[in-house]
Amino acid sequence: MTQMSDSNLSGNNDLLAQLESTSKAFLSRRALLAGAGGAAAASMINVVGLEGLDMAQAAGGKVRWANWGLYLDFDNKTKKYPTLEAFQKKTGIKATYQEAIDDNDTFTAKVSPQLRLKKDIGYDVVTMTEWKAAQWLASGFVQKFDDAAIPNKKNILPSLLNRPFDSGRHYSLPWAGIIAGIAWSKSALPKGLKTLDDLFAPGNKGRIEVLSEMRDTIGLIMLWQGVDISKPFTDTQFQKAVDFIQKKIKDGYIRQVKGQSYAEDLISGDAVAVIGWSGDINQLNLQNGNRFGFAVPESGGTFSTDNLMIASTSPNKAAAEALINYYYDPAVAATVANYITYICPVNGAQEAMAKINPKQVNNPLIFPTDAMWKNLKVFRELNPVDTAKYAKSFQKAIGNG
Amino acid sequence: MAVIARAKDASTSELKKKSLVPYFLLAPGLIWLSLFFVAPIITLVGTATKTPGAGIGEFVQTYRWANYWDAITGSAGQFGRSFLYATIATLIALAIAYPLAYGIAFKSGKYKNILLVLVVAPFFCSFILRTIAWKQILGQNGPVFRLLLDLHLATPMTHLTASPSAVIIGLAYNFLPFMTLPLYGSLERIDPRVLEASGDLYANAFTTFRRVTVPLSMPGVVAGTLLTFIPAAGDYVNAEILGNPSTKMIGNVINAQFLNTQDYPLAASLSFILMIIISVLVMVYIRKAGTEELV
């Protein structure tokens, strides 16, 4: 209930907040020029008059976006994000982009105390994986979208629009679909990997890394052990996968359990075989010469989505919605997908891709085929009790308790 | 007479005023301590006895003191490892820092200041960056491992990082200046005439070192070992970056319980227990070593 009334309130305050933030931005520039307090106060009167004229032209304002690493098209030469630059030019909104997220849990734990106190967390748009997004929704950490401000919502793949945790998608929209699978360094393992048996082969001992994302690492192992993770399973079945990980750690097979930073270890050669995310590997290949391979194991891979949400503490809701809307334009989405090579959630992007990079049109990691979809499973939604229980058991296995 | 009496009055009231002055001078410190030390400790102890509430990351106070016992038994391994690694790292740091400090204090001549700056210089670079640098130095494609491979002292299947020794090396390296500076402080203060006197009394160089230099430098040794051991025992960066899942220290557990499972009571009780154990160890150590001349 509080969530509803909050979002109503913020809806009414939108225009006010926007006015306030634009005039503040303007004022600070003026104040800087004027230098003295008295002059600044005098110019404020001016600003209010000016703003009235400006409002009609551009929304202006700013938006701050926290995302995962390697998750937006990046130009190595200019060190800028081309689609984000285009968005700023088009709308006049100043966008700050930060690769602030390495792990769902740690990011949430860092910002949740401020969210509870209703203090600005420094980001307007955050990108959380589906299961964590569900927790954000349940905790009332997000604002309800004004659907009218996101007309491009109609472009989103229907299969991704209807997810149980946010039916109708009023609080979250899919940024990309992620596949967790196995990846390897081609120089060390020229034959590549097809199954988890290949991953945990004796030759890779001490140079295997797995994800700290419990649902992906344990999910892949459970699938390999013959458990369907999208349907209810027993504690024993879960524990069997945890025990496997624990044994591989104890025997020295698994070198480290990491968030996205496993990518650095693949580059340095400290790791040669990993459980990792599809798009990361493609991007590493772009930046480091085609050195790595990726496959969905024959026993199946895990699928999930990362979701854009507006933090409940965000004072820049309108700008955030403009940003979100912009990225569901098929041509923009195709540009991003061409770079990040994760599953593109936008209808029409495949057609747009033909113009951008014809080679990617039939890439199953961006536009999965039916056969690919069949081999991907979504880890079932866990209730809060199981969430805590399984998280503890996993943390214990990886040495944290 | 009256004049004298008045003068006396004035001086006693001045005395009274003076006797309050120390308290006024102490006030900022006391307020600081109660705000930023006592209050957090009370919250910490309070958080530790809470149990899970309705939402994730929400807890209610139920005074469940058994949380402390669960914390000790659940993470006994990591506690033991923390103190073992910290002890070894402290001894390594002492073995490296003593000759270094001795050299700077007695043998460096005009280079003394430059050498001291060099000891402190690593602090100009971030702690985490320095640790990541070690990961690259010792890593699979790093110079050290390459050399060992060429000398046939290692095989491609072995590795230097992701091991207990890498964590200990990291700890010893990162806290080395904390050991070196106090040692230098007490060595530098030794009067050279005392060493000469020892020689006059027919002590050879080694005996002089053992019976004169070492005892006189003890305050530095005590301070240095404390300054190294305490942060090393609570450190988690080295184990996180240079270790593997089997080398996790108590700091890593606290970090994971706080950030990953969001079990604040467990994280709080672990922190409190760590603090108590360190305080007891330090107290015993100081009792044994003496603090009279502690720098």
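The listed protein sequences correspond, in order, to chains A and B.
Position one of the first sequence corresponds to residue 99 (the numbering used here), numbered consecutively onward.
Position one of the second sequence corresponds to residue 118 (the numbering used here), numbered consecutively onward.
Idealized CB from N, CA, C, for every residue including glycine.
Model, not experiment: these values are computed from the prediction.
Proximity test, Cβ basis, 7 Å: residue i and chain B
| i | result |
| --- | --- |
| A/D349 | no |
| A/D245 | no |
| A/A489 | yes |
| A/A207 | yes |
| A/L130 | Only weak support is given to the placement of A/L130: the predicted model assigns it a pLDDT of 35, under 50, and the value that follows is read from those uncertain coordinates. No - not a single Cβ of chain B is within 7 Å of the one on A/L130. |
| A/Q354 | yes |
| A/G497 | yes |
| A/T227 | no |
| A/D296 | no |
| A/T204 | yes |
| A/S283 | no |
| A/M102 | Because A/M102 carries a pLDDT of 37, less than 50, the predicted location of this residue cannot be relied on, and the following value inherits that uncertainty. Taking Cβ atoms only, chain B never reaches closer than 7 Å to A/M102, which makes this a no. |
| A/S328 | no |
| A/Q358 | no |
| A/Q493 | yes |
Residue i beta carbon near the ligand MN (any heavy atom closer than 6 Å)
| i | result |
| --- | --- |
| B/M392 | The model depicted lacks the ligand MN and carries no ligand whatsoever. |
Beta-carbon gap between residue i and residue j smaller than 7 Å
| i | j | result |
| --- | --- | --- |
| A/L384 | A/F390 | no |
| A/V444 | A/A452 | no |
| B/P332 | B/N184 | no |
| A/V161 | A/I199 | no |
| B/A238 | B/A289 | no |
| A/R267 | A/L255 | no |
| A/E197 | A/G167 | yes |
| A/F392 | A/S412 | no |
| B/S315 | B/S334 | no |
| A/V223 | A/A435 | no |
| B/Y353 | B/N377 | no |
| B/L232 | B/F295 | no |
| B/K365 | A/G374 | no |
| A/D73 | A/E307 | No information on residue 73 of chain A is available, as it lies outside the stretch 99 to 499 that chain A covers here. |
| A/W282 | A/A371 | yes |
| A/N423 | A/G159 | no |
| B/G256 | A/S366 | yes |
| B/Q420 | B/I367 | Because chain B here runs from 118 to 412, residue 420 of chain B falls outside it and cannot be looked at. |
| B/A188 | B/I390 | yes |
CB contact check: residue i to chain A, cutoff 7 Å
| i | result |
| --- | --- |
| B/A385 | no |
| B/N355 | no |
| B/A218 | no |
| B/A279 | yes |
| B/Q178 | no |
| B/I394 | no |
| B/L265 | no |
| B/H269 | no |
| B/K405 | no |
| B/P260 | no |
| B/V370 | yes |
| B/K227 | no |
| B/G191 | yes |
| B/T96 | This structure does not reach residue 96 of chain B, given that chain B is present from 118 up to 412, and the question cannot be answered. |
| B/S167 | Note that residue 167 of chain B is Lys in the sequence shown, not Ser. No, its Cβ sits nowhere closer than 7 Å to a Cβ of chain A. |
| B/N361 | yes |
Anticipated Cβ contact below 8 Å, residue i with residue j, distance rounded
| i | j | result |
| --- | --- | --- |
| A/A369 | A/R353 | 6 Å |
| A/A495 | A/Q358 | Going by Cβ atoms, the distance from A/A495 to A/Q358 rounds to 20 Å, so no, they are not a contact pair. |
| A/N253 | A/P428 | 6 Å |
| A/K475 | A/D295 | Actually they are not in contact, since the Cβ atoms of A/K475 and A/D295 sit about 19 Å apart, beyond 8 Å. |
| A/A241 | A/S410 | According to the sequence as given, residue 241 of chain A is Gln; it is not Ala. With a Cβ gap of about 6 Å, A/Q241 and A/S410 count as contacting. |
| A/Y437 | A/K251 | Actually they do not touch by this definition, with Cβ atoms about 23 Å apart. |
| A/T293 | A/P395 | 5 Å |
| A/N461 | A/T433 | So it is not a contact: roughly 14 Å between Cβ atoms. |
| B/A214 | B/T297 | 4 Å |
| B/P299 | B/A340 | 4 Å |
| B/I285 | B/A206 | 5 Å |
Check your understanding: Counting only runs that start and end within the stretch 221-283 of chain A, where is the beta strand (DSSP E) found for 3 or more residues in a row?
Key -> 223-227, 271-283
Review point. Pairing CB atoms from the stretch 274-293 of chain B with CB atoms from the stretch 200-220 of chain B, are three or more of them under 8 Å?
Key: yes
Exercise for review: Within the stretch 334-368 of chain A, note down every full alpha helix (DSSP H) run reaching 4 residues or more, in order along the chain.
Suggested key: 360-366
Exercise for review: Please determine if the stretch 397-410 of chain A and the stretch 259-279 of chain A are in contact, where contact requires at least 3 C-beta pairs separated by less than 8 Å.
Suggested key: yes
**Study point:** Start-end ranges of the alpha helix (DSSP H) lying completely within the stretch 165-195 of chain B, minimum 4 residues
**Key:** 183-191
Review point. If we count Cβ pairs, one from each stretch, closer than 8 Å, do we get three or more for the stretch 466-482 of chain A versus the stretch 317-331 of chain A?
Key: yes
Point to revise | Cβ contact (3+ pairs, closer than 8 Å) linking the stretch 310-330 of chain B and the stretch 355-362 of chain B | key: no
Review point. What alpha helix (DSSP H) runs, 4 residues minimum, are completely inside the stretch 406-494 of chain A?
Key: 415-424, 428-438, 447-454, 468-472
Practice item. For the stretch 221-307 of chain B, list the alpha helix (DSSP H) runs that are entirely contained and at least 4 residues long, ordered along the chain. Key: 229-237, 244-255, 260-267, 281-291, 293-305
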